[in-house]
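Worksheet: one structure, shown below.
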Amino acid sequence: MTKEEKKPASTRINWYPGHMQKAKIQIQESLKMVDIVVEIRDARIPFSSENPLLRDIIAQKPRLIVLNKKDMADAKRTDEWLEHLRNANDQAVAIDAVNDNLKQIIPPIIKDILKAKIAKAQARGIRKKMLRAMVVGIPNVGKSTFINGVVKKKVAKSENRPGVTKSLQWIKIHEDIELLDTPGVLWPRFADELVAVNLALIGSLNDQVVDKKMLIKQALFHLYNFYPDKLTMRYGISFDRFDFETMIEAIAANKNFLLKDSKKDINKAIDFILTDIRNNRIENVTWEFWHEPYQQ
Ligand code: G4P
């Protein structure tokens, strides 16, 4: 089985309007039963990994934004994103769902966000108000890993398909918090080309959707602008000016990627860089910053 075939089905969803409608209805139905929505995003692309309609779908429900995979992102940029989200009146936290003790981290945050609701219930004589939460997010952001982490035991890998109906099950994650065991899977913001690039860089979109050369050109441009040391360290290159063709040729030469006629094998260099990025061999890179949009 190849690496591509091993990827979760989530990464290969083709979102048709029917799927999107089903996913939206499924989440709206579940929402009626919950007090809070936990929205998982990828800390490396906090904007691109947001569903464009989620805010409308959940309307007035309290929401906790979780920037997951913080171990793969740039810590300074993650802090900036958190500050930005909190300034916009969102509750936000950054985690590494694989290694952090989510059972300890998440319940107190949920209880803090819902403290007014708890106080209201207590005023009505309800001593222990059971709070209900659900997890939502686009494919591959770590929803299942998050649920496993807060439950602290292996729950079944969720069906990563939109609109899959199954009976709702609640899992207790704290003495007074229950979590819906199936996350809501939403579609990404694929209308925007830069977003598609970001999703493809982290492996959440098929390569067929985005031109690989364009993808790596964007990636190198970003690394050149914001992480030049990582380019030097990984590929042994350092340039004073961004010129994709020169750069990719230099990388191919340094890696000894040559064609039969001694020309540089650019396609091999492109594939190599893409594999590096997806396998986190260029560590701690955040692909979009909230306050520094850039254009090529
Ligand atoms: P989903 O339900 O939202 O579709 O995502 P899922 O939990 O399946 O996670 C997608 C991939 O991301 C998995 O890797 C998972 O291990 C990884 N992952 C989730 N959270 C984190 C995190 O905080 N840090 C890091 N480094 N990785 C994370 P996979 O290779 O697809 O599968 P696996 O064999 O590693 O489980």
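Residue 29 in my numbering sits at position 31 of the sequence shown; the count goes up by one each step and never skips. Glycine residues also receive a C-beta, built at the ideal position from the N, C-alpha and C atoms.
Distance between residue 101 and residue 169 (C-alpha atoms, nearest Å): Their Cα atoms are separated by approximately 13 Å.
Contact test: residue 66 Cβ vs the ligand G4P heavy atom, cutoff 7 Å: Distances between the C-beta of residue 66 and the heavy atoms of the ligand G4P include at least one below 7 Å.
Near the ligand GDP: residue 18 beta-carbon under 7 Å from a heavy atom: Absence of the ligand GDP is noted for the structure shown, with the ligand G4P being the only ligands found.
Cutoff 7 Å; reference residue 30; Cβ partners in own chain excluding five residues on either side: By the criterion of a C-beta distance shorter than 7 Å, residue 30 is surrounded by no residue of its chain, once the five residues flanking it on both sides are discounted.
Inter-stretch contact at 8 Å, needing at least 3 Cβ pairs: the segment 241 to 253 / the segment 261 to 269: Here the segment 241 to 253 makes contact with the segment 261 to 269; the two share three or more CB pairs at distances below 8 Å.
For residue 119 and residue 127, believed in contact at Cβ under 8 Å, the rounded distance: So it is a contact: roughly 4 Å between Cβ atoms.
Cβ-based burial, residue 166 [other Cβ within 10 Å; buried from 16]: Burial call: exposed.
Any non-hydrogen atom of the ligand G4P closer than 7 Å to residue 131 Cβ: The answer is no for residue 131.
Limits of the alpha helix (DSSP H) - the one that residue 102 falls within: Boundaries of the alpha helix (DSSP H) harbouring residue 102: 100 to 111, taken from the DSSP string.
Counted within 10 angstroms of its Cβ, other Cβ atoms place residue 117 as buried (16 or more) or exposed: In the assembly as shown, residue 117 is an exposed residue. Its beta-carbon has fewer than 16 other beta-carbons within 10 Å.
Contact the segment 43 to 58 vs the segment 195 to 205: 3+ CB pairs below 8 Å: With the cut-off at 8 Å, the segment 43 to 58 and the segment 195 to 205 touch.
beta-carbon residue 143 near the ligand G4P non-hydrogen atom, thresh 7 Å: Between the ligand G4P and the CB of residue 143, the shortest heavy atom gap is smaller than 7 Å.
Three-state class that DSSP yields for residue 124 in the structure shown: In the structure shown, the three-state DSSP call for residue 124 is coil.
Beta carbon of residue 222 nearer than 8 Å to that of residue 240: Yes, Cβ-Cβ distance for residue 222 and residue 240 is below 8 Å.
Exposure label - residue 19; buried when at least 16 CB within 10 Å: When all chains shown are included, residue 19 counts as exposed.
Segment limits, alpha helix (DSSP H) that includes residue 79: Its alpha helix (DSSP H) spans residues 73 to 85.
8 Å Cβ cutoff met for residue 134 and residue 83: No, the Cβ-Cβ distance between residue 134 and residue 83 is not below 8 Å.
Candidates 256, 193 and 141: closest to residue 63 by CA position: The residue among 256, 193 and 141 with its C-alpha nearest the C-alpha of residue 63 is 141.
DSSP-derived helix/strand/coil call for residue 6: Any reading at residue 6 must be qualified, since the residue scores a pLDDT of 43, below 50, and its modelled position is unreliable; no value is offered.
Separation of residue 129 from residue 32, as counted between CA atoms: Going by the C-alpha atoms only, they are around 8 Å apart.
Chain-order list of residues whose beta-carbon lies under 6 Å from that of residue 229 (same chain, five-residue window excluded): Around residue 229, the same chain offers 221 and 235 as residues with beta carbons nearer than 6 Å, after the five sequence neighbours per side are excluded.
C-beta contact flag for residue 314 and residue 148 at 8 Å: Here the chain has residues from -1 to 294 only, and residue 314 is not among them.
Under 8 Å between C-beta atoms of residue 78 and residue 287: Taking 8 Å as the Cβ cut-off, residue 78 and residue 287 qualify as a contacting pair.
Residue 273 versus residue 50: straight-line alpha-carbon distance, rounded: So the two alpha carbons sit approximately 28 Å from each other.
Same chain only: Cβ atoms within 6 Å of residue 186, ignoring 5 sequence neighbours per side: Excluding its 5 nearest sequence neighbours in each direction, residue 186 has C-beta neighbours in its own chain below 6 Å: 136 and 197, listed in chain order.
For residue 36, the nearest candidate out of 23, 59, 17 and 189 (CA to CA): Nearest in C-alpha terms to residue 36, of all of 23, 59, 17 and 189, is 59.
Contact test: residue 12 Cβ vs the ligand G4P heavy atom, cutoff 7 Å: For residue 12, the shortest separation between its Cβ and any heavy atom of the ligand G4P does not lie below 7 Å.
Beta-carbon proximity list for residue 280, same chain, < 8 Å, skipping 5 on both sides: Apart from the 5 residues on each side of it in sequence, residue 280 sits with its Cβ closer than 8 Å to the Cβ of 221, 225, 228, 232 and 274 in its chain, given in chain order.
Helix, strand or coil at residue 59 according to DSSP, with G and I counted as helix: Residue 59 falls in the coil class under three-state DSSP.
Which of helix, strand or coil DSSP assigns to residue 300: Because the chain is modelled from -1 through 294, residue 300 falls outside the range shown and cannot be assessed.
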